[in-house]
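Contents: one structure, followed by commentary.
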Amino acid sequence: MKKTISILLLLLIASALCPASYAQEGSKTDRSMKTESSKRVLVAFFSHTGENYAVGNIEKGNTHIIAEMIAEASGGTLFEIVPQNAYPKTYNACVEAAKKEKQAKARPAIKADAPVEEYDVIYLGYPNWWGDMPMPVYTFIEQHDWNGKIVIPFCTSEGSGLSDTEQRIAAACKGAVLRKGLAVRGATAQNDRPQAKKAVQAWLERISQ
Ligand SMILES: Cc1cc2nc3c(=O)[nH]c(=O)nc-3n(C[C@H](O)[C@H](O)[C@H](O)COP(=O)(O)O)c2cc1C
Numbered sequence: 007m008k009k010t011i012s013i014l015l016l017l018l019i020a021s022a023l024c025p026a027s028y029a030q031e032g033s034k035t036d037r038s039m040k041t042e043s044s045k046r047v048l049v050a051f052f053s054h055t056g057e058n059y060a061v062g063n064i065e066k067g068n069t070h071i072i073a074e075m076i077a078e079a080s081g082g083t084l085f086e087i088v089p090q091n092a093y094p095k096t097y098n099a100c101v102e103a104a105k106k107e108k109q110a111k112a113r114p115a116i117k118a119d120a121p122v123e124e125y126d127v128i129y130l131g132y133p134n135w136w137g138d139m140p141m142p143v144y145t146f147i148e149q150h151d152w153n154g155k156i157v158i159p160f161c162t163s164e165g166s167g168l169s170d171t172e173q174r175i176a177a178a179c180k181g182a183v184l185r186k187g188l189a190v191r192g193a194t195a196q197n198d199r200p201q202a203k204k205a206v207q208a209w210l211e212r213i214s215q
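Following my numbering, the numbering of the sequence shown begins with 7 at its first residue and continues without gaps.
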């Protein structure tokens, strides 16, 4: 009996001397790492091919290139938002069509959908069109419930950056938590992929802190 009591006492003293803050810190980190890695990630994007500003006639859109880099780094599932009626392949005609749709607040039908509700984190990518997202991106957003999702915008442009698309996304994706978006120059994505990749990696590190 005496022996049992002294063993218990020893154990008590040992646990009191143990650096509790270290032990807690360790378990907290483990927990958050587990949570991060178990998150389901979707990389949804709109991107346009054909003739475009500063890059000529392209077969893979600038935003598409960035979306692939993000999907590779995050292990996310890629999903392309494709309008049912394709935009013109010539730059000027596309610019005109996009302008009309923006003015009309159009919601063009899209070809397929992604099960947003099954994901925790959604990277949402688009080119800057007239200081806004292309209207099919709104079609996609508005057919889903964003409550509790983490939404991370990224965009390519030729100078305007994100414009105020982050605020527009915050308003449209009700109940979502937004992380700071990324803007990459379209010509960099298309013609200098190592540079674009650096920007993507640096941004992913920043937003994960
Ligand atoms: C219809 C249209 C409108 C555009 N409007 C803007 C703009 O307002 N600001 C800007 O910096 N770039 C603008 N651009 C350039 C695109 O944002 C840029 O080329 C982008 O990288 C294209 O991405 P994508 O290849 O994924 O479609 C526009 C391009 C098009 C086709």
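Note that the Cβ used here is the ideal one computed from N, Cα and C, for glycine as well.
In this text, all values refer to a predicted model and were calculated from it rather than measured experimentally.
Counting only the same chain and skipping the five closest in sequence on each side, list residues whose C-beta sits under 6 Å from that of Val49.
-> Within the sequence shown, residue 49 is the residue found at index 43, counting from 1. Taken in chain order, the residues that qualify are Ala73, Ile76, Ala77, Gly82, Leu84 and Tyr129.
Can the beta-carbon of Val88 be found closer than 7 Å to that of Lys117?
-> Counted from its first residue, the sequence shown places residue 88 at position 82. Counted from its first residue, the sequence shown places residue 117 at position 111. Contact: yes.
Return the Cβ separation of Trp152 and Lys180 in integer angstroms, given the expectation that the two are a contact with Cβ distance under 8 Å.
-> Looking up residue 152 in the sequence shown gives position 146. Looking up residue 180 in the sequence shown gives position 174. That pair is a contact at about 6 Å.
Closest residue to Ile108 among Asn91, Met139 and Tyr97 (Cα-Cα distance) | Start at 1 with the first residue of the sequence shown, and residue 108 comes out as number 102. Sequence check: residue 108 is Lys here, not Ile. Of Asn91, Met139 and Tyr97, the residue nearest in Cα terms is Met139.
Express the C-alpha separation of Glu124 and Gln196 in angstroms, rounding to a whole number.
-> Position 190 of the sequence shown, counted from the start, is the residue given in the question as residue 196. Position 118 of the sequence shown, counted from the start, is the residue given in the question as residue 124. Each residue's Cα considered, the two are about 31 Å apart.
Within its chain, find whatever has a CB closer than 6 Å to the CB of Gly56; leave out the 5 residues flanking it on each side and keep chain order.
-> Within the sequence shown, residue 56 is the residue found at index 50, counting from 1. The answer, listed in chain order, is Lys95.
Lys40 burial status per 10 Å Cβ neighbour count (16 or more: buried) | For the purposes of this step, residue 40 is identified with residue 34 of the sequence shown, where counting begins at 1. Confidence at Lys40 is low in this model, with a pLDDT of 41, below 50, so the placement of that residue should be treated as unreliable; the coordinate-derived value is given next. Exposed, because fewer than 16 other Cβ atoms sit within 10 Å of the Cβ of Lys40.
Going by DSSP, which residues form a beta bridge with Glu189?
-> Locating residue 189 in the sequence shown gives position 183, where the first residue counts as 1. Glu is not the amino acid found at residue 189; the sequence shown has Ala there. Answer is Cys161.
Is any heavy atom in ligand 1 found nearer than 6 Å to the beta carbon of Tyr59?
-> Within the sequence shown, the letter at position 53 stands for residue 59. Checking every heavy atom of ligand 1 against the Cβ of Tyr59, one is found closer than 6 Å.
Endpoints, the alpha helix (DSSP H) within which Asn98 is located = The residue labelled residue 98 in the question sits at position 92 within the sequence shown. Tyr97 to Gln109 is the span of the alpha helix (DSSP H), which, as asked, contains Asn98.
Below 8 Å on the Cβ atoms is my guess for Val47 versus Val143; work out the distance and round it to an integer in Å.
-> Along the sequence shown, read from residue 1 onward, the residue named residue 47 stands at position 41. Along the sequence shown, read from residue 1 onward, the residue named residue 143 stands at position 137. With a Cβ gap of about 18 Å, Val47 and Val143 do not count as contacting.
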